[in-house]
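Numbering (full-length UniProt numbering), first residue to last: 1 to 364.
Report on one structure; see the data block that follows.
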């Protein structure tokens, strides 16, 4: 079963960040390709904005400020689709240069501030390096605009899709796996963007089994992430995932049914110990003990649909950090743009015992 995990940010949340100066991006080497659908933002303020090489038909150009107010979408890149805004208000234009050639005006300008209110966009693609706030910056700086800082108020996203970037061959070898040398094997096909590269091994891999987990089965180069989670009763503090495959290692998490309403972070209610690459069976997952999360209960209190989801260990620290980093680390394994998942109805033992007693009395 596949679920495209939706992330909804709370209305009224304000995010402010400063773009790193040129020559110091402040970004890690690897990033993830992300796409957001049904984006809504109450207000955005961009400061110290530079407009570069913005081309406009001369007969449609009436000045820098009027053009920004009426045709702001023309400043955006191809990574934004279906953009609309209630209002665009440029501040002081500190400098502007307009050149005309073949009835086309090319604009280069510096604007003190630009404030955009009532923003909607059907689709935005971006590279995520730190947090969800990067989306707002890349949404407005993928075309002719760049800003020193961007402040966002009231950001909400209908659906957020995450695709892990392929790792370079020299840096992407999982710990403990030897890759085949050039004389032993050669890969003749190209790896599609955003998929994991299959790795040949010289022999089956012997690894130590982490405490509390089952020994993984042998892996092969065609292995894909998968999870199987069956209906069960639970003592209330743990559940058992029947089978999970994590080709690059990682974790299996348990989400409550709020994931189906779009809450990918706060829906995480359980996480396994770190799992080595391979397939693991009968994995015990402790509930209501997740780094970065807080809960108002310590055990499952009633029958509920829970969802199992395998996650990567993107920073190789063997600690699950997806919630604590607001989704910037340890993202889910994906297939066809959606998270790999399986759901099951889980009933606390007390609940089932009560039901059984009631039926027995009725039969008597």
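Note that beta-carbon positions come from the ideal geometry of N, C-alpha and C, so glycine has one too.
Worksheet entry | Contact check, residue 139 vs residue 124, beta carbons under 8 Å | yes
Fill in: Distance, residue 51 Cα to residue 145 Cα
5 Å
Item to complete: Tell me whether residue 123 sits in a helix, a strand or coil according to DSSP, three-state version.
Response: strand
Worksheet item: Just how far apart, CA to CA, sit residue 53 and residue 318?
Response: 46 Å
Discussion item. I believe residue 121 touches residue 82 by the beta-carbon criterion, under 8 Å. Please report the beta-carbon distance rounded to the nearest angstrom.
Written reply: 6 Å
Worksheet entry | residue 344, DSSP secondary structure in three states | strand
Practice prompt. Report yes if the C-beta distance between residue 239 and residue 306 is below 8 Å; otherwise report no.
Written response: yes
Worksheet item: Exposed or buried, which one is residue 348 when buried takes at least 16 other CB atoms within 10 Å?
Response: buried
Worksheet item: Under the three-state reduction of DSSP, which class applies to residue 38: helix, strand or coil?
Response: strand
Discussion item. Between the segment 288 to 298 and the segment 306 to 316, can you find at least three pairs of beta-carbon atoms closer than 8 Å?
Written reply: no
Fill in: Counted within 10 angstroms of its Cβ, other Cβ atoms place residue 235 as buried (16 or more) or exposed
exposed
Fill in: C-alpha gap between residue 315 and residue 330, whole angstroms
7 Å
Practice prompt. Select from 60, 100, 70 and 44 the residue whose C-alpha is nearest the C-alpha of residue 113.
Written response: 44
Worksheet item: Going by the beta-carbon positions, is the gap between residue 267 and residue 258 smaller than 8 Å?
Response: yes
Worksheet entry | Supposed close pair residue 49, residue 107 - CB separation, criterion 8 Å | At roughly 12 Å, the Cβ-Cβ gap does not stay under 8 Å, so residue 49 and residue 107 are not in contact.
Worksheet entry | Rounded straight-line distance, which links the Cα of residue 270 to that of residue 252 | 9 Å
Worksheet entry | Simplified DSSP state of residue 191, which is helix, strand or coil | At residue 191 the pLDDT is 38, less than 50, meaning the model places this residue with poor confidence and gives no usable figure here.
Item to complete: Using a threshold of 8 Å, state whether the C-beta atoms of residue 160 and residue 250 are closer than that.
Response: no
Worksheet item: What are the boundary residues of the alpha helix (DSSP H) that residue 65 is part of?
Response: 64 to 70
Worksheet item: Leaving out the 5 sequence neighbours to the left and right, which residues in its chain are closer than 6 Å to residue 90 when beta-carbon positions are compared?
Response: 65, 68, 111 and 114
Worksheet item: Shortest alpha-carbon distance to residue 119 belongs to which of 126, 88 and 92?
Response: 88
Worksheet entry | Neighbour-count burial assignment, residue 346, 16 or more Cβ in a 10 Å radius | buried
Discussion item. If I follow the unbroken beta strand (DSSP E) through residue 228, where does it start and stop?
Written reply: 226 to 228
Fill in: residue 320 and residue 291 closer than 8 Å at C-beta
yes
Item to complete: For residue 256, count neighbouring Cβ atoms within 10 angstroms of its own Cβ and tell me buried if that reaches 16, exposed if not.
Response: buried
Worksheet item: Hey, would you say residue 248 sits closer than 8 Å to residue 147, going by beta carbons?
Response: no
Discussion item. Quick check: residue 246 and residue 342, are their CB atoms within less than 8 Å of each other?
Written reply: no
Worksheet item: Would you say residue 283 and residue 340 are within 8 Å of each other, going by their C-beta atoms?
Response: no
Fill in: Distance CB(residue 73)-CB(residue 116) smaller than 8 Å
no
Worksheet item: Residues in its own chain within less than 7 Å of residue 22 by CB, not counting five upstream and five downstream?
Response: Any reading at residue 22 must be qualified, since the residue scores a pLDDT of 40, below 50, and its modelled position is unreliable; the value itself is stated next. Within the same chain, residue 22 has no close Cβ partners at all.
Practice prompt. Could you tell me whether the Cβ atoms of residue 260 and residue 327 are closer together than 8 Å?
Written response: no
Worksheet item: CA-CA distance, residue 237 and residue 254?
Response: 12 Å
Practice prompt. Could you name the residues of the same chain whose beta carbon sits closer than 6 Å to that of residue 324, not counting the 5 residues immediately before and after it, in chain order?
Written response: 291 and 292
Worksheet item: Under three-state DSSP, which class holds residue 302?
Response: coil
Worksheet item: Roughly how many whole angstroms lie between the Cα atoms of residue 280 and residue 70?
Response: 57 Å
Practice prompt. Could you spell out the range, first to last residue, of the beta strand (DSSP E) harbouring residue 293?
Written response: From DSSP, residue 293 is part of no beta strand (DSSP E); its letter is neither H nor E.
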